[in-house]
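Numbering (my numbering), first residue to last: 124 to 271.
One structure below.
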């Protein structure tokens, strides 16, 4: 039986995609990873590491609550890029950073996506850098994945 078709063989997406296949899919892609304040934030560090190693250009945006679980420095080291924890950081041009990040993104992932974040997205509340970036994404061209 194929993977996930037997009750004794659970489907595990992470195990089913090898490093070579992941690299083929994400190499050169611009991926925004939003990290919210849940205990699973530490697992997102592993996701960011794997994506960056596979050749993706990963930009991390963290809520203030997320920084209580994992530091921004951890994500900076794993992604090799600046990490956004505030809408007022890394302003290098006259372009609003959330607009330029959102328009350049090939994919956005929020992991863990807390209930608070889901509520903000549902009501279009943008009081942190992650939801601000997500609000500017053109959903017709960029997929947004929410991983509670």
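Beta carbons are placed, not taken as given, at the ideal position from N, Cα and C, and that holds for glycine.
- Counting C-beta atoms within 10 angstroms of its own C-beta, residue 202 has 16 or more neighbours from the protein chains shown and is therefore classed as buried.
- It is roughly 30 Å from the alpha-carbon of residue 162 to the alpha-carbon of residue 147.
- Membership of residue 147 in the alpha helix (DSSP H) is indicated by the continuous run 142–149.
- Take residue 177, set aside five residues on each side of it, and the residues of its chain with a beta-carbon closer than 6 Å to its own are 145, 146, 149, in chain order.
- Across the set 141, 253, 142, the C-alpha of 253 shows the shortest separation from the C-alpha of residue 235.
- Closest option to residue 268, judged by alpha-carbon separation, among 241, 247, 222: 241.
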